[in-house]
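Trainee:
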Amino acid sequence: MPTLYDLQPDAASILALEPEELAGLALELINASEPNAQSRLHPTSFSDSGTIGPFAQADREQIRFAMAEGWNWLVNEGMLAPTPGGTNGWHFVTRRGKKIKNRDELAAYVNSILLPRSMLHPTIAKICWPTFMRGDYATAVFQAFKELEVAIRGVGNFKVDEYGVDLVRKAFDESTGSLTDQSIPAAERIALSDLMAGAISSYKNPHSHKKVQLGAEEACEMIILASHLLKIVEARQASSIEPPAVNDLIPEPE
413 MPTLYDLQPD
423 AASILALEPE
433 ELAGLALELI
443 NASEPNAQSR
453 LHPTSFSDSG
463 TIGPFAQADR
473 EQIRFAMAEG
483 WNWLVNEGML
493 APTPGGTNGW
503 HFVTRRGKKI
513 KNRDELAAYV
523 NSILLPRSML
533 HPTIAKICWP
543 TFMRGDYATA
553 VFQAFKELEV
563 AIRGVGNFKV
573 DEYGVDLVRK
583 AFDESTGSLT
593 DQSIPAAERI
603 ALSDLMAGAI
613 SSYKNPHSHK
623 KVQLGAEEAC
633 EMIILASHLL
643 KIVEARQASS
653 IEPPAVNDLI
663 PEPE
């Protein structure tokens with residue numbers, strides 16, 4: 413079985429990791445062990461000298477505490493659980509834990525928690541979620557707001573060469589916008605126009621003109637916003653379809 417030192421010999425790098433990242437190292441150690449050892453894990457499994465490896469004495473104690481954080485994260489996420497009937501603190505790898513083999517797979521799992529697919533509009537879930545899961549956050553955000561722009565153009569019956577903020581302002585113009593709900597107060601119509609235009613200007617345009625560095629959490633917030641706005645656009649499409657007149661529903665007498 414490899415030691416933690418074999419996986420990552422730089423103590424400073426280990427101590428800079430978040431608990432979920434330390435948990436990824438722990439999972440790699442578990443999966444490199446014998447199968448019977450995977451059902452006999454203990455809170456000290458990742459903090460004893462044999463598992464940690466030949467780090468300098470000055471770093472070893474800090475690493476022991478850090479790996480204890482990783483263990484605790486795995487337990488809290490349901491990837492490790494107490495052995496039924498056990499009285500000495502033994503744990504086993506759960507069914508959820510067995511699905512994840514290494515740090516990359518654990519990172520994907522963490523991202524899936526940040527951005528639950530079920531929360532997203534189906535179009536954005538299909539196109540953007542896989543990109544987000546690969547860690548390409550800037551591209552995922554661009555894709556999400558591009559889909560919003562495409563939906564505005566399509567639902568509003570605009571031409572292909574109409575795009576960007578100008579397109580959004582026409583579609584949600586306070587008085588003449590084809591996607592404007594004239595039944596709501598003027599202040600709300602203006603606010604929605606500003607929200608849509610601001611979203612395209614702030615989140616789609618910069619990503620199409622320059623390289624933008626984004627973290628997972630920030631990208632998640634933007635994608636959820638795009639999904640919400642896309643649902644608003646589709647709601648306007650549904651409300652613009654007039655129901656048939658009552659007389660049309662009554663069959664003609666024979």
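If you count the sequence shown from 1, you need to add 412 to reach my numbering. In this text, a Cβ means the ideal position worked out from N, Cα and C, and glycines have one as well.
1) A438 and L486 look like a contact to me (Cβ under 8 Å); what is the Cβ gap, rounded to whole Å?
2) Let me make sure I understand the geometry here. Which of H640, L434 and A478 has the alpha-carbon closest to that of L560?
3) Nearest to D418 by alpha carbon, out of T463, E430 and A519?
4) Using only alpha-carbon positions, find the residue among Q594, D471, G501 and L416 that is nearest to A424.
5) Please tell me whether, using a cut-off of 6 Å, the distance from the CB of Y521 to the nearest non-hydrogen atom of the ligand ATP is below it.
6) If you compare alpha carbons, which of Q469, A478 and G509 is closest to E440?
7) For A444, which option in T499, W502, A563 and P414 has the closest C-alpha, if you only look at C-alpha atoms?
8) Give the DSSP-derived three-state secondary structure of H533 in the structure shown.
9) Take K558 as the anchor and find which of A647, R546 and I612 has the nearest alpha-carbon.
10) So, at 8 Å on beta carbons, what are the nonlocal neighbours of T629 in its own chain, with the 5 sequence-adjacent residues on each side left out?
11) Which value, in whole angstroms, describes the spacing of the CA atoms of Y615 and I635?
12) Go ahead and pull the three-state DSSP assignment for F504.
13) Does the Cβ of A563 have 16 or more other Cβ atoms within 10 Å, making it buried, or fewer, making it exposed?
14) Quick check on the DSSP output: the beta strand (DSSP E) that includes A493 runs from which residue to which?
15) For L453, write down the residues that DSSP places opposite it in a beta bridge.
Mentor: This is what the structure gives:
1) The C-beta distance from A438 to L486 rounds to 6 Å, short enough to meet the 8 Å contact threshold.
2) It is H640 whose Cα lies nearest to the Cα of L560.
3) Closest option to D418, Cα to Cα, is T463.
4) For the residues Q594, D471, G501 and L416, the minimum Cα distance to A424 belongs to D471.
5) With respect to the ligand ATP, the structure offers nothing, as it holds no ligand at all.
6) Closest option to E440, Cα to Cα, is G509.
7) Closest option to A444, Cα to Cα, is P414.
8) Three-state result, H533: coil.
9) Nearest C-alpha to K558: I612.
10) Here residue 629 turns out to be Glu, not Thr, going by the sequence shown. The residues are L526.
11) For Y615 and I635, the distance between alpha carbons rounds to 9 Å.
12) In the structure shown, F504 adopts extended strand secondary structure according to DSSP, grouped into three states.
13) Under this definition A563 is a buried residue.
14) Residues L492 to P494.
15) Beta-bridge analysis with DSSP links L453 to H503.
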